[in-house]
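In this text, residue positions in the sequence shown follow our numbering: the first is 657, and each later residue adds one. Every residue, glycine too, gets a C-beta built ideally from N, C-alpha and C. All figures in this text were calculated on a predicted structure; none of them were measured in a lab. See below for the structure under consideration.
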Amino acid sequence: MLTIYGRATSVNVQVVMWAVGELGLAHERLDVGGAYGGTDTADYGAMNPMRLVPVLKDGDLTVFESAAILRYLGAAYGDDTFWPRDPRRRAALDQWAEWVKTSLYAAITPVFIALVRTPPSRQDPAVIAAAARALAPLMQMLDARIGQGPWMGGSDFTFADISAGHYLHRYYTLPIERAETPALDAYYARLQERPAYVRHAMISYESLRAKD
Ligand SMILES: N[C@@H](CCC(=O)N[C@@H](CS)C(=O)NCC(=O)O)C(=O)O
657 MLTIYGRATS VNVQVVMWAV GELGLAHERL DVGGAYGGTD TADYGAMNPM
707 RLVPVLKDGD LTVFESAAIL RYLGAAYGDD TFWPRDPRRR AALDQWAEWV
757 KTSLYAAITP VFIALVRTPP SRQDPAVIAA AARALAPLMQ MLDARIGQGP
807 WMGGSDFTFA DISAGHYLHR YYTLPIERAE TPALDAYYAR LQERPAYVRH
857 AMISYESLRA KD
């Protein structure tokens with residue numbers, strides 16, 4: 657039985673929960689972080705010195721960092737399709753999984769902060785537009801990578817799709833000017849046919865909204 661520490665509204669928890677759902681793993685998720693608190697205890701600090709969510713416990717193993725947890729779940733519980741054992745096949749996917757968590761994250765986070773984490777009276781349309789403009793070329797890179805897909809790895813759904821797809825609900829629901837990305841649009845529609853995606857990665861972020 658896996659234990660996941662982290663509130664469902666966290667995109668990084670959503671990475672883990674979506675993977676757990678796709679792999680059909682027995683688990684419990686504990687509401688920790690944000691308004692729930694619980695990350696300031698000594699026990700939590702021992703599991704994750706950053707005091708962030710998520711954390712995974714699997715028996716006597718504790719792992720923090722959502723990308724590391726996703727890789728662990730793939731290696732421990734995924735088949736050769738979800739988590740290719742061939743290093744060359746895996747690296748071709750992992751470079752994109754990593755790119756999403758680093759480069760794409762760095763571009764999408766300012767958009768989310770400007771629109772959701774900033775109280776309405778302090779929101780600046782110029783800042784929002786500039787952040788959306790900076791994000792656009794990266795979304796077009798993802799669009800080009802997906803192409804006909806249907807998945808990041810071509811015909812098969814893999815761990816890289818969890819990295820690539822987990823932020824898309826936010827991306828497509830934030831009121832911004834979006835780049836033209838027909839392949840990505842179709843990919844997002846395909847993701848919504850996956851029950852684990854709908855259940856774990858399409859979670860409202862309204863409770864995270866800053867108020868005046
Ligand atoms: N690089 C970390 C980032 C984790 C992170 O920033 N988590 C946020 C939620 S998305 C958090 O814990 N925020 C404080 C809180 O929820 O209490 C990961 O991918 O796990």
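Sheet register partners of H683 (DSSP bridge): In the DSSP output, where bridge partners are listed per residue, H683 has L658.
DSSP state of T718, grouped into three classes? T718 falls in the strand class under three-state DSSP.
Where does V672 fall in DSSP's three states? helix
Strictly by DSSP, which residues pair up with L712? Answer is I660, V719, bridged to L712.
From H822 to F768, what does the alpha carbon distance come to, in whole angstroms? 14 Å
Who does G701 pair with in a DSSP beta bridge? None, per the DSSP bridge assignment.
So, does the region 722-733 touch the region 698-706, judging by three or more C-beta pairs under 8 Å? no
Tell me whether D750 is buried or exposed, calling it buried when 16 or more other Cβ atoms sit within 10 Å of its Cβ. The Cβ neighbour count for D750, taken over all protein chains shown within 10 Å, is at least 16; the residue is labelled buried.
M673 to D868 span [Cα, whole Å]: M673 and D868 have their C-alpha atoms some 32 Å from each other.
At 4 residues or longer, what runs of the alpha helix (DSSP H) sit wholly inside the region 710-791? 722-733, 743-755, 761-771
Could you check if G690 belongs to the surroundings of ligand 1, using beta carbon to heavy atom distance under 6 Å? Yes, the beta carbon of G690 sits closer than 6 Å to at least one heavy atom of ligand 1.
Is any heavy atom of ligand 1 found at a distance shorter than 6 Å from the C-beta of L708? Within the cutoff, so yes.
Opposite G810 in the DSSP bridges: which residues? DSSP, once it has assigned bridges, lists W807 as partnering G810.
Specify whether the region 802-816 and the region 779-794 touch according to this definition: at least 3 beta carbon pairs, one from each stretch, less than 8 Å apart. By the C-beta criterion, the region 802-816 is judged not to be in contact with the region 779-794, since fewer than 3 inter-stretch pairs fall below 8 Å.
Counting pairs of Cβ atoms below 8 Å between the region 736-751 and the region 811-818, do you hit three or more? yes
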